[in-house]
Amino acid sequence: MLNTLLRLIPLSAMILAVVLLILPACGPAAEEGERRPVIGVSVPEATHGWTAGIGHWANEAMKKYPEVEWRFQRAAGGAQQVSHIEAMLAAGIDALVFLPQDAAEVMPAIRQAKRQGVYVVSVDRGLEEEIADLYVAGDNAAFGRIAAEFMARKLEGRGRIAILRGMAVPIDSERYNAAVQVFNRYPDIEIVATQRGNWNRAQAQQVMEDILTGNPRIDAVWASDDDMALGAERAIDRAGRKDEMWILGGAGMKDIIRRVRDNDRMFPANVTYPPSMIATGIHLAVAEVLFDGDETRIADNIPHDAAIDRERLLTGRDQRPEGQRELKIDIQLITPENAADFYYPDSPF
1 MLNTLLRLIP LSAMILAVVL LILPACGPAA EEGERRPVIG VSVPEATHGW
51 TAGIGHWANE AMKKYPEVEW RFQRAAGGAQ QVSHIEAMLA AGIDALVFLP
101 QDAAEVMPAI RQAKRQGVYV VSVDRGLEEE IADLYVAGDN AAFGRIAAEF
151 MARKLEGRGR IAILRGMAVP IDSERYNAAV QVFNRYPDIE IVATQRGNWN
201 RAQAQQVMED ILTGNPRIDA VWASDDDMAL GAERAIDRAG RKDEMWILGG
251 AGMKDIIRRV RDNDRMFPAN VTYPPSMIAT GIHLAVAEVL FDGDETRIAD
301 NIPHDAAIDR ERLLTGRDQR PEGQRELKID IQLITPENAA DFYYPDSPF
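Take 1 as the starting number for the sequence shown in my numbering and just add one per residue.
Structure follows, in C-alpha cells:
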C-alpha cells in the first residue's frame, strides 16, 4: 500500500518536502557573513552589594542587544575566572568584558585572548600590563579627594575622624592617598585611627568596634565604601554613640542614597562609584564588534551616572591613542539636592 501512496504523490511535492528538510541546516544563519557576534562577560560573584550591582548592570546591558550571542559567567575566585575565560576563548568569542578577580592570575588568559584577536575590555581593576584594548574605571583619586573635601567642609576644618580602608589593592591606595592629602591641609583634623574593613560589612563592624573602644570621641568616619559604612553604623549604634558622629561612605548604594535624599543625619552625603561601569564597558564592546567601532550607535545606552563627557566618549576611530585606551568614570558628590538622580530602586545595590 505504501508504494501505491508514493506513486500518487506528485514528484514536485516530494522534491519540495526534501528541500524543506534540508533548509534548516543550510539557511542564512549558517552563512559566514551573517554570523552573530559573540561577547563573553566575566564578573565576580556577588559577595557584597557593589558586586551584586555589577551583575545587575551587566544583565541590563546585555538585554539591549539580542543580536549578540552572550557568554556570561560569575566567578568565585581568580582560578575560576581564568577557567571561565579559557572556556570562552576555546568556544570562540569576538570580545571579552571582564572585571578581574586577580590581576596577576588572569594575565595568561588575557594574553591568549589578544593572540586570538579578541577585543578586550577590562573594568574597574587594572591589569599588570596595559594590554587590554579598553580600560574602564572610576577615578579613584577623585573619589578620595571629593569625599575628603566634603568631610573637611562639613567639619569646618576641625575634628577627630576614623578611616576605614578597603582591600590592599591599587584602587584603595588611590582613594586613601588622595583623601589623606586633603586632610593634611587641615592641621585641626586629627585621624585617630585607620583600619582595613576590606569592603566587607561584617569586617568593618568588627574594626569599628575596636576603634570605638580606643577612642572616647570621634566626630566622623570616612568609610570609603557603603558596605563598610553600614558595618560601621551597626558598631556605632551598638555602642550607643550614634548621636556623636556621622559617616561618609561611597559608591552609591541605593539604601544610602535614599537616606541622603531624606536628610538622614548619619549619612549627609555620598560619592559615586557606579557598578554600572560594567554596562559602559559592555556597550563599548558592542560598538566595536557589532557597529565597527561606531560609538554613536550606543551612546544613548550609556548609564547617565557614568558621567562621561560625550566628546570624550565619542572620539573618532582614527583619533584614539595607540595601545590601551583608558576611559575614567567621573566621580560626583551626592547630596540631598541631587540624590534622586542617583537612586535606582530596582538595582540590588
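Note that beta-carbon positions come from the ideal geometry of N, C-alpha and C, so glycine has one too.
Hey, is the region 257-264 in contact with the region 114-122, meaning 3+ C-beta pairs nearer than 8 Å? no
Grab the span of the beta strand (DSSP E) containing LYS328 for me, first residue to last. 325-329
Quick check: what's the CA-CA separation for ILE189 versus LEU155? 8 Å
Using the Cα positions of ILE236 and HIS48, report the straight-line distance between them to the nearest angstrom. 21 Å
Can you tell me the Cα-Cα spacing of THR272 and GLY250, whole angstroms? 6 Å
Same chain, Cβ closer than 7 Å to ILE171, five either side skipped, listed in chain order: ARG125 and ASN140
Leaving aside the five residues before and after PRO100 along the sequence, list all residues of the same chain whose C-beta is less than 7 Å from its C-beta, in chain order. VAL106, SER122, ARG125 and LEU127
Just to confirm, is the Cβ distance from ALA269 to LEU290 under 9 Å? Between ALA269 and LEU290, the C-beta gap is not smaller than 9 Å, which leaves the two residues out of contact.
Sequence-distant residues of the same chain with beta carbon closer than 8 Å to ASP133, five excluded per side: TYR119, VAL120, VAL121, GLU288, GLN324 and ARG325
Considering ILE302, what are the terminal residues of the alpha helix (DSSP H) in which it resides? Where ILE302 is concerned, there is no enclosing alpha helix (DSSP H), given that its DSSP letter is neither H nor E.
Which value, in whole angstroms, describes the spacing of the CA atoms of PHE183 and ASN200? 24 Å
Tell me whether MET167 is buried or exposed, calling it buried when 16 or more other Cβ atoms sit within 10 Å of its Cβ. exposed
Measure the CB-CB distance between LEU96 and ILE39 and report whether it falls below 9 Å. Taking C-beta atoms as the reference points, LEU96 and ILE39 count as a pair closer than 9 Å.
Look at the alpha carbon of LYS242 and the alpha carbon of GLU233, and state the distance between them as a whole number of angstroms. 8 Å
Just list the beta strand (DSSP E) runs in the region 181-211, keeping only unbroken ones of 3 residues or longer that don't cross its boundaries, in chain order. 189-196
Beta-bridge pairing of TYR119 - partner residues as DSSP gives them: ALA95
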